[in-house]
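J.:
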Amino acid sequence: MSTITAEALSATTLLRFATAGSVDDGKSTLVGRLLHDSKSVLVDQLEAVERASASRGQEAPDLALLTDGLRAEREQGITIDVAYRYFATPRRRFILADTPGHVQYTRNMVTGASTAELTVVLVDARNGVVEQTRRHAAIAALLRVPHVVLAVNKMDLVGYEERVFAAIAEEFTAYATELGVPEVTAIPISALAGDNVVDASPRMDWYGGPTVLEHLETVPVSHDLAHCHARLPVQYVIRPQTAELPDYRGYAGQIASGTFRVGEEVTVLPSGRTSRIAGIDLLGEPVDVAWTTQSVTVLLADDVDVSRGDLIVPSKDAPATTQDVEATVCHVADQPLTVGHRVLLKHGTRTVKAIVKDIPSRLTLADLSLHPHPGALAANDIGRVKIRTAEPLPVDSYADSRRTGSFILIDPADGTTLTAGMVGESFAAPEPVTGSDDDGWDF
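All residue numbers for the sequence shown refer to this note's numbering, where the first residue is 222 and numbers rise by one.
(1) Is it buried or exposed, GLU338, if we count other Cβ atoms within 10 angstroms and call 16 or more buried?
(2) Give a yes or no on whether the C-beta atoms belonging to TYR619 and ALA539 are separated by under 9 Å.
(3) Straight-line CA distance for SER536 to GLY479?
(4) So what does DSSP say about TYR307, is it helix, strand or coil?
(5) Tell me, which residues are paired with ASP579 by DSSP?
(6) How many angstroms separate the CA atom of ILE576 from the CA atom of GLU612?
(7) DSSP state of ILE501, grouped into three classes?
(8) Residues bridged to TRP512 by DSSP?
(9) Any idea if ALA353 is buried or exposed, counting beta-carbon neighbours within 10 angstroms, 16 or more meaning buried?
(10) With VAL517 and ILE476 assumed to form a contact (beta carbons below 8 Å), what rounded beta-carbon distance in angstroms separates them?
(11) Have a look at THR332 and PRO491 and give me their C-alpha separation to the nearest angstrom.
(12) Are ALA473 and ARG497 touching if we call contact CB-CB under 9 Å?
(13) Counting C-beta neighbours from all protein chains within 10 Å, is the total for LYS248 16 or more, i.e. buried, or is it exposed?
(14) Can you tell me which of ILE410, MET330 and GLY626 puts its alpha carbon nearest to the alpha carbon of VAL208?
(15) Do you know whose CA, among LEU236, ARG312, VAL344 and ASP258, lies nearest VAL244's CA?
(16) Would you say ASN374 lies against chain D (beta-carbon separation less than 9 Å)?
(17) Return yes when the Cβ of LEU558 is within less than 9 Å of the Cβ of LEU614, no when it is not.
(18) For THR406, is the classification buried or exposed, using 16 other Cβ atoms within 10 angstroms of its Cβ as the cut-off for buried?
(19) DSSP three-state call for ASP416: helix, strand or coil?
(20) Return the chain-ordered ranges of every beta strand (DSSP E) run that is complete within the stretch 381 to 461 and spans a minimum of 3 residues.
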């Protein structure tokens with residue numbers, strides 16, 4: 222495995238990305254090839270894969286086994302659960318979510334892509350764009366993933382034909398653009414043979430664009446959430462009541478977005494009570510400023526009623542509270558979601574009772590048309606819902622905040638996750654066409 226110093230790691234950026242695609246398109250093989258050829262696999266891991274492959278009668282190591290860790294996955298040769306992998310190159314650090322391709326595991330793709338800045342959608346060059354490809358593109362668009370890579374895999378099985386790749390890339394790019402995906406980069410690959418994964422392929426000299434790893438290392442990513450709406454969901458109220466800290470009352474949580482400063486006037490939602498930040502504790506030490514993803518304890522100047530599930534926000538930038546939530550959802554449970562369905566809605570650290578008042582439409586993936594008032598959403602359906610909550614919620618639009626603009630619906634009977642929701646408009650507006658750039662790839 223390549224040696225990367227701690228100093229080099231601290232200087233590199235982090236990219237979270239997910240893989241998606243239909244069954245047997247080669248996602249796990251691509252991930253295994255990426256890890257193997259970038260020298261991110263430990264010797265003992267590779268030896269274990271070689272032994273497992275030999276026991277199955279395979280001459281070459283099956284690199285898919287580097288990510289398919291469950292026994293059922295190895296037996297069936299499929300991916301069932303999301304497999305997270307962490308690796309690094311001298312240029313960037315990566316957190317990878319390898320998601321399943323089966324339709325019944327679409328819920329796992331939603332989980333894996335919910336925090337991703339980039340999604341790699343694989344397509345089998347022999348089959349082209351299929352329904353599950355369109356579903357994964359729609360989910361990437363719904364989740365506002367800013368970068369999408371179309372990896373046209375198994376080019377070795379179509380003779381590395383340029384026309385096959387061009388036709389698939391054109392069809393997918395047109396579909397994704399209509400969904401509002403801001404950027405699509407198409408790359409022809411063979412994960413099994415290693416073509417254009419880490420090293421450029423001499424068998425596709427007609428393609429002059431980046432390899433998959435080159436693109437992952439150079440795609441611009443922004444982690445600057447410090448300038449977004451400041452939001453602190455309260456996770457826990459700290460009240461030691463010790464001799465040293467008899468009056469200490471702190472409100473702990475992880476900052477979802479934005480920046481908080483001592484002396485800033487804040488509002489506690491949904492109550493609407495206001496106060497001022499008297500102090501911020503970070504890792505047991507007082508600080509003047511705290512920002513996104515830091516876990517902090519905030520002390521307020523006034524004795525206001527704050528409890529778990531409340532949201533602390535700057536008074537000058539407070540979201541409106543509402544009991545009527547309209548959102549686009551991806552239904553992930555086997556039981557259908559119906560009008561009148563009584564559910565629990567979890568938003569941030571707050572969980573409230575709710576009822577589904579209406580399902581205005583269901584998305585038809587084939588042509589992106591809307592089926593009006595379907596009455597119910599089945600597993601893996603994408604649609605619009607209107608929900609009435611028992612208590613007011615301070616929700617942002619998902620377009621403004623992926624953290625405080627999202628929620629899940631839960632079955633109150635057994636705690637099963639039913640639906641993943643995004644508040645506000647469903648898809649982003651398509652990017653205006655300003656000129657040709659070879660349709661997203663470079664010949």
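Quick reminder that beta carbons are idealized off the backbone N, C-alpha and C, glycines included.
T.: This is what the structure holds:
(1) As a working note, residue 338 is residue 117 in the sequence shown. It counts as buried.
(2) Position 398 of the sequence shown, counting from 1, holds the residue named residue 619. Position 318 of the sequence shown, counting from 1, holds the residue named residue 539. The answer is no: Cβ separation not under 9 Å.
(3) Within the sequence shown, the letter at position 315 stands for residue 536. Within the sequence shown, the letter at position 258 stands for residue 479. Using only the alpha carbons, I get a separation of about 13 Å.
(4) The residue given as residue 307 occupies position 86 in the sequence shown. Strand, per DSSP.
(5) Residue 579 sits at position 358 when you count from the first residue of the sequence shown. Looking at the DSSP output, ASP579 shares a beta bridge with LYS607.
(6) The residue you call residue 576 lines up with position 355 of the sequence shown. The residue you call residue 612 lines up with position 391 of the sequence shown. Going by the C-alpha atoms only, they are around 11 Å apart.
(7) Locating residue 501 in the sequence shown gives position 280, counting from the first residue. Correct three-state label for ILE501: strand.
(8) Sequence index remark: in the sequence shown, residue 512 carries index 291 (1-based). DSSP output for TRP512 lists THR480 as bridge partner(s).
(9) Within the sequence shown, the letter at position 132 stands for residue 353. Position check: residue 353 holds Gln in this sequence, whereas Ala was assumed. Counting Cβ neighbours within 10 Å, GLN353 comes out buried, since at least 16 surround it.
(10) Locating residue 517 in the sequence shown gives position 296, where the first residue counts as 1. Locating residue 476 in the sequence shown gives position 255, where the first residue counts as 1. Indeed, because the Cβ distance is near 6 Å, the residues count as touching under 8 Å.
(11) By 1-based counting over the sequence shown, the position of residue 332 is 111. By 1-based counting over the sequence shown, the position of residue 491 is 270. Cα-Cα distance, rounded: 27 Å.
(12) In the sequence shown, counting from the first residue as 1, residue 473 sits at position 252. In the sequence shown, counting from the first residue as 1, residue 497 sits at position 276. Not in contact: ALA473 and ARG497 (Cβ atoms no closer than 9 Å).
(13) Taking the sequence shown and counting its residues from 1, one reaches residue 248 at position 27. Buried, because 16 or more other Cβ atoms sit within 10 Å of the Cβ of LYS248.
(14) The requested residue 208 is not part of the displayed model; the chain covers only 222 to 664.
(15) Position 23 of the sequence shown holds residue 244. Closest in C-alpha terms to VAL244, from the list LEU236, ARG312, VAL344 and ASP258, comes VAL344.
(16) Absent from the structure: chain D. Only one protein chain is present.
(17) Looking up residue 614 in the sequence shown gives position 393. Looking up residue 558 in the sequence shown gives position 337. No, they are not a contact pair.
(18) Stepping through the sequence shown from its first residue, residue 406 is reached at position 185. Label assigned to THR406: buried.
(19) If you number the sequence shown from 1, residue 416 lands on position 195. Looking at ASP416 - three-state DSSP - the assignment turns out to be strand.
(20) 405 to 409 and 457 to 459
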